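Asks: Protein chains in written order, with the working numbering: chain C, 1 to 311; chain Z, 1001 to 1337. A virtual CB, placed ideally from N, CA and C, is assigned to each residue, including glycine. The structure presented is a predicted model; accordingly, all values stated were derived computationally and were not measured.
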Amino acid sequence: MRRQIPALASLLVVAAVLCVLPFVLSDYNVSLAAQVGIFFVAVLGLNILTGYTGQISIGHGAFMAIGGYTTAVMSRDHHTNLVVTMLMAFAICFVVGLIVGLPALRLSGVYLALVTFALALSIPQIPLQYSTFLGGVGGVQSTETVSNLWIYTAAWTCSAILFVLAWLLLRGRLGRAFRAVRDSEIAAVASGVELPVYKTLAFGISAAYAGVAGSLFVLATNGFAQPSEFDLFLSLELLIGAAVAGLGSLWGVLAGAAFVGLLPQVSTSVPLIGAQHGRDVVFGAAVILVMLLLPDGFAGLLARIRRLARA
Amino acid sequence: MSAETSAIAGLRARGWAVDPGAVTVALVLLGAAIFLLIGCLRSATFAQYTVQGIALGSVYGALALALVLVYRATHVINFAQGELAMLTTYIAYELMLKGLSYWAAFAATLAIAFVLGTLLQVTVIRPVQHSVIAVVIVTVGLFILIDGIVNWIWGGDFKSMPSPFGIDSFNVGGVVISHLYVGMVIVVLASVVLVWALFRFTKLGLGMRAAALRPAAAALVGVRVDSMLAIGWGLAAVLGAVAGLMAEPSQIFLSPTLMQPILVYAFAAAVLGGLESPVGALVGGIAIGVSLTLIVGYVPQNYIGTELQLPLAFAVLLLILLVKPAGLFGRREVRRV
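1. Per DSSP, Ser1169/Z forms a beta bridge with which residues?
2. Considering only DSSP beta bridges, list what Val140/C is partnered with.
3. Give the DSSP bridge partners of Leu1254/Z, in chain order.
4. Which chain Z residues sit within Cβ distance under 7 Å of Pro103/C?
5. Which of the three DSSP states is assigned to Asp1019/Z in this structure?
6. Using a Cβ-Cβ distance cut-off of 7 Å, determine whether Ile1077/Z contacts chain C.
7. For Met86/C, which residues from the same chain have a beta carbon less than 6 Å from its beta carbon, with the 5 sequence-adjacent residues on both sides left out?
8. By the DSSP assignment, the alpha helix (DSSP H) with Asp77/C in it spans what residues?
9. Do you know offhand how far Gln129/C's Cα is from Gly59/C's?
10. What residues of chain C sit near Gln1260/Z, judged by a beta carbon separation below 9 Å?
11. Does DSSP put Asp1147/Z in a helix, in a strand, or in coil?
12. Give the interface partners of Glu1307/Z over in chain C, defined as CB-CB distance under 7 Å, in chain order.
13. Is there at least one Cβ from chain Z nearer than 7 Å to Met291/C's Cβ?
14. In chain order, what residues of the same chain lie with their CB nearer than 6 Å to the CB of Val1337/Z, ignoring the 5 residues before and after it?
15. Do the CB positions of Trp1154/Z and His277/C come within less than 7 Å of each other?
16. Counting only beta-carbon atoms, is Ile1091/Z nearer than 7 Å to chain C?
17. Could you tell me whether the Cβ of Val1344/Z comes closer than 7 Å to any Cβ of chain C?
18. At the 7 Å Cβ level, is Leu8/C part of the contact set with chain Z, yes or no?
19. Residues of chain C with CB under 8 Å from Ser1131/Z, in chain order?
20. Listed in chain order, which residues of the stretch 172–186 of chain C have Cβ atoms closer than 9 Å to some Cβ of chain Z?
21. Should the stretch 229–249 of chain C be called in touch with the stretch 37–54 of chain C, which here means at least 3 C-beta pairs below 8 Å?
22. Under 7 Å, CB to CB, which of the residues in the stretch 70–101 of chain C have a partner in chain Z?
23. For Val197/C, decide whether its Cβ has a neighbour in chain Z, counting only Cβ atoms nearer than 7 Å.
24. For the alpha helix (DSSP H) containing Ile205/C, list its first residue and its last residue.
25. At the 7 Å Cβ level, is Asp1147/Z part of the contact set with chain C, yes or no?
26. Quick check on Gly284/C - is its C-beta less than 7 Å from some C-beta in chain Z?
27. So which residues of chain Z does Gly109/C contact, with C-beta pairs closer than 7 Å?
28. Taking only beta-carbon atoms, is Val1128/Z less than 7 Å away from chain C?
29. So for Asn1078/Z, helix, strand or coil by DSSP?
30. Roughly how many angstroms lie between the CA atoms of Gly175/C and Gly1117/Z, to the nearest whole one?
31. Closer than 8 Å, Cβ to any Cβ of chain Z: which residues of the stretch 43–68 of chain C, in chain order?
32. The alpha helix (DSSP H) spanning Phe133/C covers which residue range?
33. Specify the secondary structure class of Thr1202/Z as computed by DSSP and reduced to three states.
34. With DSSP run on the structure shown, which of helix, strand or coil describes Asp27/C?
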């Protein structure tokens, strides 16, 4: 129990800061903080996959697209309550994640990376083909739009719920099985972990998280779902967020989400390179530097600092 | 099936070691070739689609081969391979603006690509190469970085380059075959043969194969494994540059997203070929090129249009992994504890 006190304390600190933030920040900054919350959900999901089972997905933007379009289409055609559409996004992406993950996960991690990369490039093409239902290049507009504060509250409430859910899932049998798969697939099989089941399940769960993030993402852009929002860059951002986060630490995931949620905004003001490409140049260079200097991500850095402090 | 088994029995009787899987693959490929041949003889449109498919497929094959070279050596996929090819194509464009002729720029670009590939391996890949995830993420970072740099220097708008083979075409019995397609296939095949010869007949190639197969043993007999891996990246970048330069005229315009769809086709090609097999990558590339061109050509736009070409390649990728994960030419993976 004593071991968990610092963890609980940091959790409470984060929660308290998040409650206070909307009262001190300007409306624009609230929208940025909401953006970080949205990425928190997605990076958290991806962290379950990369961090706990050691699989790489370069295609989580595709699941965000599926979640986002679910929300926009349900709101446009059926005026469904937005919170209900998020639950639907969660369920649909879980199922799609299982379907996509199944063939790829029977093989080594590189194949999953290949398949998900192809998925990330393929999914934005679907609305172009079925433009009557999915709006083509123009996109789908939901009937309801929401304020920045609404998004902020929704994003961080989802973050909190999904964080607790992840904790509940990973602390027991499931989490042990996931970690066993990561450390040695063969040893895991030998100890009775059914590899395809657990790998696919991890992929499904993380896809479902991305779906919720996508649904929030669309609401944050005035309820407008468009193929160009869900380009390859989004998927790459998520993977980078997970890499910056490192393994299984709340602070790590927060840092990863802030990195990908805020860096594009920060880097657009870089002189010389110019707004539009500044994002890509700074982002790409930052990612490579982080990987060279902090191979275990922010969580690894924290662990190293903690070890230094103790010594 | 019985004909096949009796054929195997016949070969075995003569003392040949025959893998039934390989025979099936050979029969499937032979069947596909006969199907294409009959189709081409019966319909000029079909022949035109096939030729176009082979030309595009050779480009996919070249990029797939670049991926396979890196994968064989280090068991990672270079996700920036396509963007690297796109960058080198822009360099060729710039050299031509500076007044170089097409083929002079072509040669200079290949040299630059080699240096660039080698440098990247030494500076950013080597420090993280102990972890597959780290390498993948670094290549993803390179992907974004290269994309940003190209957009920064040249802008996102379409550029056009002079066509290396003119706009004329041959007319073979009513089938119009443009010089471009013939040229693409010849250039790609020539570069693949050169790379193959390098691996097969030179001491450098021997060292590179040794470094890829048994790094520790190769180091013990004096092969400088690190240098070999760096040269491997350089060669992969050269093949990628060939793919980019040959892809540009077929897409008519040069843009920063030139190689993104092609990279997905190259993935499908490499996986179809078995991910470890250079021949497989090339055959896979042509198979993907021809089948995509035929499907998009013949299936009505309402069902599968050009928009669905990428999702289709994705579906093919999934299907290969479901049905024959080792690909056509790959060996089944055996893992040791």
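Replies: Walking through what the data contain:
1. Position 169 of the second sequence, counting from 1, holds the residue named residue 1169/Z. Answer by DSSP bridge pairing, in chain order: Ser1178/Z.
2. What you label residue 140/C is simply residue 140 of the first sequence in a count that begins at 1. Partner(s): Ala225/C.
3. Against the second sequence, residue 1254/Z aligns to sequence position 254. BP columns for Leu1254/Z point to Lys1159/Z.
4. Indexing the first sequence from 1 puts residue 103/C at position 103. Those are Leu1318, Leu1321, Leu1322, listed as they occur along chain Z.
5. To locate residue 1019/Z, count along the second sequence from 1; it is residue 19. Coil, per DSSP.
6. Your numbering for residue 1077/Z matches position 77 in the second sequence. It does; some Cβ of chain C falls within 7 Å.
7. Working through the first sequence from its first residue, we reach residue 86/C at position 86. Counting only Cβ-Cβ distances below 6 Å, and skipping sequence neighbours, we find Val212, Ser215.
8. Position 77 of the first sequence, counted from the first residue, corresponds to residue 77/C. Where Asp77/C is concerned, the enclosing alpha helix (DSSP H) stretches over 60–78.
9. If you number the first sequence from 1, residue 129/C lands on position 129. If you number the first sequence from 1, residue 59/C lands on position 59. Those two C-alpha atoms are separated by around 20 Å.
10. As a working mapping, residue 1260/Z is identified with position 260 in the second sequence. Going along chain C in sequence order, the residues near Gln1260/Z (Cβ under 9 Å) are Leu121, Leu232.
11. As a first step, residue 1147/Z must be located in the second sequence, where it is residue number 147. Asp1147/Z falls in the helix class under three-state DSSP.
12. Here residue 1307/Z corresponds to residue number 307 of the second sequence, with the count starting at 1. Ordered by position in chain C, the residues that pass the 7 Å Cβ test against Glu1307/Z are Gln125, Leu128, Gln129.
13. Here residue 291/C refers to the residue found at position 291 of the first sequence. Interface residue, yes.
14. For this step, residue 1337/Z is matched to residue 337 along the second sequence. In this prediction, Val1337/Z has a pLDDT of 45, which is less than 50 and means its spatial position is unreliable; what the coordinates show is noted afterwards. Once the five neighbours on either side are set aside, Val1337/Z has no close Cβ partner at all.
15. Stepping through the second sequence from its first residue, residue 1154/Z is reached at position 154. Stepping through the first sequence from its first residue, residue 277/C is reached at position 277. No, the pair does not count as a contact, with Cβ atoms beyond the cut-off.
16. Position 91 of the second sequence, counting from 1, holds the residue named residue 1091/Z. No, its Cβ sits nowhere closer than 7 Å to a Cβ of chain C.
17. Beyond the ends of chain Z as shown, which are 1001 and 1337, falls residue 1344/Z; an answer cannot be given.
18. Locating residue 8/C in the first sequence gives position 8, where the first residue counts as 1. No, its Cβ sits nowhere closer than 7 Å to a Cβ of chain Z.
19. Here residue 1131/Z refers to the residue found at position 131 when the second sequence is read from its first residue. What Ser1131/Z touches in chain C: Pro295.
20. Ser184, Glu185, Ile186
21. yes
22. none
23. Counting from 1 along the first sequence, the entry for residue 197/C is found at position 197. No, because no Cβ of chain Z sits closer than 7 Å to the Cβ of Val197/C.
24. Numbered from 1 along the first sequence, position 205 holds the residue referred to as residue 205/C. Note, Ile205/C: alpha helix (DSSP H), 195–220.
25. Residue mapping note: residue 1147/Z aligns to position 147 of the second sequence, counting from 1. Yes - at least one Cβ of chain C is within 7 Å of the one on Asp1147/Z.
26. Start at 1 with the first residue of the first sequence, and residue 284/C comes out as number 284. Gly284/C counts as touching chain Z.
27. Sequence index remark: in the first sequence, residue 109/C carries index 109 (1-based). Correct list: Val1132.
28. Residue mapping note: residue 1128/Z aligns to position 128 of the second sequence, counting from 1. Yes, contact with chain C.
29. Indexing the second sequence from 1 puts residue 1078/Z at position 78. Reduced to three states, the DSSP call for Asn1078/Z is coil.
30. Within the first sequence, the letter at position 175 stands for residue 175/C. Within the second sequence, the letter at position 117 stands for residue 1117/Z. Distance between the alpha carbons of Gly175/C and Gly1117/Z: 40 Å.
31. Thr50, Gly54, Ile56, Ile58
32. Translated into positions along the first sequence, residue 133/C becomes position 133. It spans 131–134 - the alpha helix (DSSP H) in which Phe133/C sits, taken as one unbroken run.
33. In the second sequence, counting from the first residue as 1, residue 1202/Z sits at position 202. Residue state, collapsed to three classes: coil.
34. Against the first sequence, residue 27/C aligns to sequence position 27. Of the three classes helix, strand and coil, the one that applies to Asp27/C here is helix, per DSSP.
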